[in-house]
Amino acid sequence: MEWITLILTVSIVIISFHLLFGKSSPNAPPCIRGWIPWFGAAFEFGKAPLHFIQQARAKYGPVFTIVAAGKRMTFVTLNEDFRLFFTSKDVDFEQAVQEAVHNTASISKDCFFETHPACHAIIKGRLTPGNTAMLSPHLCEEFNEHLENLGPEGSGQLNELIKSVMYPSVMSNLLGRCNSPSSSLTRQEFLEKFTTYDDGFEYGSQLPEMDWANSKQWLLSLLRNMVIKAEETLNSENSGKTLLQHLASSIDETYLPNYGLLLLWASLANAIPITFWAVAFLLSNPASYKIAMDQINAVLGDQDSHCLVCIEDKQKTTVTLDHLQQMPYVKWCIMEAIRLRAPGAITRKVVRPLKLQNYIIPPGDMLMLSPYWAHRNPKYFPEPEDFKPERWETADLEKNVLLEGFVAFGGGKNQCPGRWYAIMELHMFVALILYKFDFTLQDPLPKPSPLHLVGTQQPDGPCAVWYKHR
Ligand code: HEM
């Protein structure tokens, strides 16, 4: 026993000495490693990671490494290095996310490396701009139905109202109508479990705690049932195969529910906070709201004048892609909300020594890029903190060309495969909800929470609204 204590003590002293005084390679970037071995700067970093990154950049320059909880994260902050981040053969997406995928969706390492490329290719192929267009009529029906469930008037937290409409609509659109929570009771239960899972996703991917692990198991068993239903209803839903059914054609059924859960998370977790911000930015910017409403009313109001039963038709407002094209300002508002509340960080793993500026980044480091901070570079986005939809006028959105310096969807071969769907879905939703309802904000616009690096930003405080059917 004494021997074990002695060996442990000596090991800790050696490791501490190495971490505190050990020389980094002369070509390594500045390193923030804190005072406690292994734990590193985890405490300071964990308190507000988004702010920590910005302070570190100001103090240490454009490339720096943060050691936290045994992990080395090297941040790349210069736009000229982004291409290397996205395309270098010395970095790898799958190796970077594998552990998190294992912890959040119980997909084993071997299975992930074997099946992920096929899975990514299917999702990308099914969500091209052309295929996304085919999903839009059904999505519009779903939005109409669930928006009407809000009733003629009411009040509540804006993000809760948005979730209550978007969760069931998007699930039905991507996974099949039979798989969307149908009664308000099942919707509520799904909402609670998914919110716990999503809120704890970042920490759960590293240190799963009880309540979070329960929500994961609950969702996995829900997905198992969804897969069964998707197989039973193959070809019976009149809109053709759903994304889940397409996945079933290449993914072994043992892991299909697990990939289904990841897809569900990816499709909701980023898009819903952005929808919240897009609506909240518009409601708190009267000039932008007026321009957006003039477009929305001109385009969607037009269909009322052609119909006989206007009241009933307003409950079922058709929004086609053609209509969306006639509302470019609304799309600029969506893009501006994505820019301002972009993911805190995206990641790749360094697999071979990587030359970056004058540094050599060692294999094993996680290479990090923060879209959130990249979008605050005044060279690309003048007055970066301001909500200025007009800046998107110079982007050729019709041709799916976004602004230089915009990296909210990542890049390279692992760029977000759902990006065209996301833009269409948000554009349609914002136009519809503002066409159908008048809102009054009850709280000031909240700030984004600095707590999350994974995914788009959540509001830091409440944002209650009062609403009335128009
Ligand atoms: C505004 C909304 C969204 C944002 C900002 C966003 C952003 C991102 C980012 C940054 C990545 C990682 C890319 C990289 O590392 O280079 C990603 C991956 C992914 N996204 Fe999105 N996303 C959004 C909406 C969606 C939607 C609606 C879907 C599905 C319909 C989706 C499906 C996915 C999937 C499946 C992946 C993982 C790809 C892979 O495993 O290779 N996303 N997204």
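Mapped onto mature numbering (1 follows the signal peptide of the UniProt record, and there is no 0), the consecutive letters of the sequence shown carry residue numbers -22 to -1, 1 to 448.
Backbone N, C-alpha and C define an ideal beta-carbon position, used for all residues, glycine too.
Remember, it's a predicted structure, so these values are computed and weren't measured experimentally.
Query, Result
"Please classify Val341: is it buried, with 16 or more other beta-carbons within 10 angstroms of its beta-carbon, or exposed?", "According to the sequence provided, residue 341 is Pro. The question's Val does not apply to it. When all chains shown are included, Pro341 counts as exposed."
"Is Ile274 near Val308, with beta carbons less than 8 angstroms apart?", "yes"
"Taking Lys67 as the reference, which of Asp438, Phe407, Ile401 and Leu332 has the closest Cα?", "Leu332"
"If you run the structure through DSSP and keep just helix, strand and coil, what is Phe359?", "coil"
"Tell me which same chain residues have a C-beta within less than 6 angstroms of the C-beta of Asp176, skipping the five on either side of it?", "Ala247"
"DSSP state of Ile316, grouped into three classes?", "helix"
"List the endpoints of the continuous beta strand (DSSP E) containing Lys135.", "The identity of residue 135 in the sequence shown is Gln, whereas the question assumes Lys. It spans Glu131 to Gln135 - the beta strand (DSSP E) in which Gln135 sits, taken as one unbroken run."
"Verify the contact flag: Gln281, CB atom, against every heavy atom of the ligand HEM, threshold strictly below 7 angstroms.", "no"
"With a threshold of 8 angstroms between beta carbons, is Pro7 in contact with chain C?", "Among the protein chains of the structure shown there is no chain C, as only one such chain exists."
"On the DSSP letters alone, give me the boundaries of the alpha helix (DSSP H) that Phe30 sits inside.", "Pro27 to Tyr38"
"Are the beta-carbon atoms belonging to Pro367 and Cys441 less than 8 angstroms from one another?", "no"
"So, for Pro8: in the same chain, excluding its five sequence neighbours on each side, which residues have a beta-carbon less than 6 angstroms away from its beta-carbon?", "Tyr38 and Phe42"
"Among Thr82, Asp374 and Phe91, which has the Cα closest to the Cα of Glu72?", "Phe91"
"Determine the DSSP secondary structure at Leu286, reduced to helix, strand or coil.", "Reliability of the predicted coordinates at Leu286 is poor, the pLDDT of 49 falling under 50, and the value obtained from them is presented with this limitation in mind. The answer is coil: DSSP assigns Leu286 none of H, G, I, E or B."
"Relative to the ligand HEM, is the shortest distance from any of its heavy atoms to the C-beta of Thr52 smaller than 7 angstroms?", "no"
"Cβ-heavy atom distance between Trp180 and the ligand HEM below 7 angstroms?", "Trp is not the amino acid found at residue 180; the sequence shown has Glu there. Glu180: no, Cβ never under 7 angstroms from the ligand HEM."
"Give me, in chain order, the residues of the same chain whose beta-carbon lies closer than 6 angstroms to that of Gln293; leave out the 5 immediate sequence neighbours on both sides.", "Glu126"
"Looking only at C-alpha atoms, which of Pro95, Gly108 and Phe21 sits nearest to Asn378?", "Gly108"
"So, Glu120 versus Ser147, is the Cβ gap smaller than 8 angstroms?", "yes"
"Quick check: what's the CA-CA separation for Leu136 versus Trp13?", "43 angstroms"
"Looking at the ligand HEM, does it come within less than 7 angstroms of Glu403, judged from the CB to the closest heavy atom?", "yes"
"CA-CA distance, Arg369 and Ile269?", "15 angstroms"
"Considering only heavy atoms of the ligand HEM, does any lie closer than 7 angstroms to the CB of Tyr399?", "yes"
"Is any non-hydrogen atom of the ligand HEM found closer than 7 angstroms to the C-beta of Met245, if you look at the structure I gave you?", "A small fix is needed here, since residue 245 is Ser in this sequence, not Met. The answer is yes for Ser245."
"Select from Pro15, Phe53, Phe17 and Ser266 the residue whose C-alpha is nearest the C-alpha of Leu431.", "Phe53"
"Go ahead and label Asn392 buried or exposed: buried means 16 or more other beta carbons lie within 10 angstroms of its beta carbon, across all protein chains shown.", "buried"
"Taking all protein chains shown into account, decide if Lys414 is buried (16 or more other Cβ within 10 angstroms of its Cβ) or exposed.", "buried"
"What residue does the alpha helix (DSSP H) around Lys323 start on, and which one ends it?", "Contrary to the premise, residue 323 reads as Ala rather than Lys in this sequence. Where Ala323 is concerned, there is no enclosing alpha helix (DSSP H), given that its DSSP letter is neither H nor E."
"For the stretch 237 to 245 and the stretch 191 to 205, state whether three or more C-beta atom pairs, one from each stretch, are separated by less than 8 angstroms.", "yes"
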